[in-house]
Amino acid sequence: MPARDERTPEPEVPPAARRRAIGWATGVPHALGAALLVASEAVRGDLGDLGGPPPARPPSYAEDFARLHDTLAEHLWFRAAEWLRDGGWWDEPRLLLWAAVFAALVVRLNRDGPPRVQLALSVAAAVYCVPAAAAGIPYFALAEGYALPFLLTCGAVAVAAATRPARRRTPVRPGARHTNGGG
0 MPARDERTPE
10 PEVPPAARRR
20 AIGWATGVPH
30 ALGAALLVAS
40 EAVRGDLGDL
50 GGPPPARPPS
60 YAEDFARLHD
70 TLAEHLWFRA
80 AEWLRDGGWW
90 DEPRLLLWAA
100 VFAALVVRLN
110 RDGPPRVQLA
120 LSVAAAVYCV
130 PAAAAGIPYF
140 ALAEGYALPF
150 LLTCGAVAVA
160 AATRPARRRT
170 PVRPGARHTN
180 GGG
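0 is the number of the first residue of the sequence shown in my numbering; add one for each residue after it.
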């Protein structure tokens with residue numbers, strides 16, 4: 000390994016907070032949230048808003064939607080996930096899901112933002128997306144055949160495409176001649 004020239008600065012390593020903000024532990028919930036957002040918005044015209052009551056006469060592709068929802072609603076974990084998805088007392092699940100997915104994408108796209116703020120936004124979005132995805136099981140169940148893997152892949156691709164690692168910065172000393180490595 001060649002000796003480092005003292006004039007060549009070490010590249011800046013991305014802070015740990017930024018690495019955690021865009022890591023897989025937050026990325027998986029972000030991808031599930033994005034997939035749920037796509038699924039719920041795709042059927043919004045037929046089934047109403049996310050978290051709203053199912054329609055009295057659902058379309059033929061969603062005949063089992065209300066039955067599956069009622070079956071899952073018998074379980075405490077599902078009711079708790081719905082309550083958390085609905086924002087507890089706020090009762091705006093569609094707005095909260097849009098905000099969580101948007102915050103996750105902004106954090107992943109903005110590689111120059113403050114790492115601690117990005118970590119807080121990323122974790123908050125991930126914490127919201129987990130119960131939202133659990134409460135969104137009836138929406139995921141509407142995706143039959145290859146549609147469910149397609150939805151999950153769309154969410155994962157959106158999150159992966161938005162994830163930009165921090166740039167390696169090479170500070171230039173005042174008065175030093177900067178070249179782009181061309182020679």
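Built from N, CA and C at the ideal position, the CB exists for glycine as well.
Same chain only: Cβ atoms within 7 Å of residue i, ignoring 5 sequence neighbours per side
{"i": "cysteine 128", "result": "Pro28, His29, Leu31, Gly32 and Ala99"}
{"i": "leucine 147", "result": "Phe139"}
{"i": "leucine 108", "result": "Ala161 and Arg163"}
{"i": "valine 156", "result": "none"}
Classification of residue i by the beta-carbon crowding that lies within 10 angstroms, buried from 16 upward
{"i": "serine 59", "result": "exposed"}
{"i": "glycine 182", "result": "Caution applies to glycine 182, whose pLDDT of 47 falls short of 50 and renders its modelled position unreliable; the model cannot decide the point."}
{"i": "leucine 154", "result": "Just to set this straight, residue 154 is glycine in the shown sequence, not leucine. With 16 or more Cβ atoms within 10 Å of its Cβ, glycine 154 is classed as buried."}
{"i": "proline 54", "result": "exposed"}
{"i": "proline 130", "result": "buried"}
{"i": "valine 12", "result": "Because the pLDDT of valine 12 is 46, which lies under 50, any placement of that residue in the model is unreliable, and the question is left without a value."}
Minimum C-alpha distance to residue i - residue among the options
{"i": "aspartate 90", "options": "Leu49, Thr152, Pro137 and Gly44", "result": "Leu49"}
{"i": "isoleucine 136", "options": "Gly154, Ala24 and Ala38", "result": "Ala38"}
{"i": "valine 93", "options": "Ala41, Gly22 and Ala142", "result": "Looking at the sequence provided, one finds arginine at residue 93 rather than valine. Residue Ala41 is the option with its Cα nearest to arginine 93."}
{"i": "alanine 208", "options": "Arg110, Ala142, Asp69 and Glu143", "result": "No answer is possible for residue 208: it lies beyond the span of the chain, which begins at 0 and ends at 182."}
{"i": "alanine 123", "options": "Pro57, Arg56 and Gly86", "result": "Gly86"}
{"i": "glycine 22", "options": "His68, Pro52, Ala125 and His74", "result": "Ala125"}
Cβ-based neighbour list, residue i, same chain, cut-off 6 Å, excluding 5 preceding and 5 following
{"i": "alanine 134", "result": "Ala80, Glu81 and Arg84"}
{"i": "leucine 36", "result": "Leu96 and Val100"}
{"i": "alanine 246", "result": "In the structure displayed, the chain extends from 0 to 182; residue 246 sits before or after that span and is not available."}
{"i": "glutamate 9", "result": "Because glutamate 9 carries a pLDDT of 47, less than 50, the predicted location of this residue cannot be relied on, and the following value inherits that uncertainty. So the list is empty, once near-sequence residues are dropped."}
is_contact[residue i, chain C] using C-beta, thresh 8 Å
{"i": "valine 100", "result": "As a matter of chain content, chain C is missing from the structure shown, which is built from one protein chain."}
Own chain, CB closer than 8 Å to residue i, minus 5 neighbours either side, in chain order
{"i": "valine 158", "result": "Gly26, His29, Ala30, Ala33, Ala103, Leu104 and Arg107"}
{"i": "tryptophan 76", "result": "Ala133"}
{"i": "aspartate 63", "result": "Ala140"}
{"i": "threonine 70", "result": "none"}
{"i": "histidine 68", "result": "Pro53 and Pro137"}
{"i": "alanine 194", "result": "Given a span of 0 to 182 for the chain in the structure shown, any question on residue 194 remains unanswerable."}
Integer Cβ distance of residue i from residue j, believed to fall under 8 Å
{"i": "proline 114", "j": "arginine 43", "result": "Not really, about 35 Å apart at Cβ, beyond 8 Å."}
{"i": "leucine 46", "j": "alanine 24", "result": "Going by Cβ atoms, the distance from leucine 46 to alanine 24 rounds to 31 Å, so no, they are not a contact pair."}
{"i": "alanine 72", "j": "arginine 66", "result": "The Cβ separation is near 11 Å, so there is no contact."}
Length-filtered (4 minimum) alpha helix (DSSP H) runs lying within the stretch 5-73: 15-20, 23-41, 43-46 and 64-71
Length-filtered (4 minimum) alpha helix (DSSP H) runs lying within the stretch 95-170: 114-134, 136-141 and 146-161
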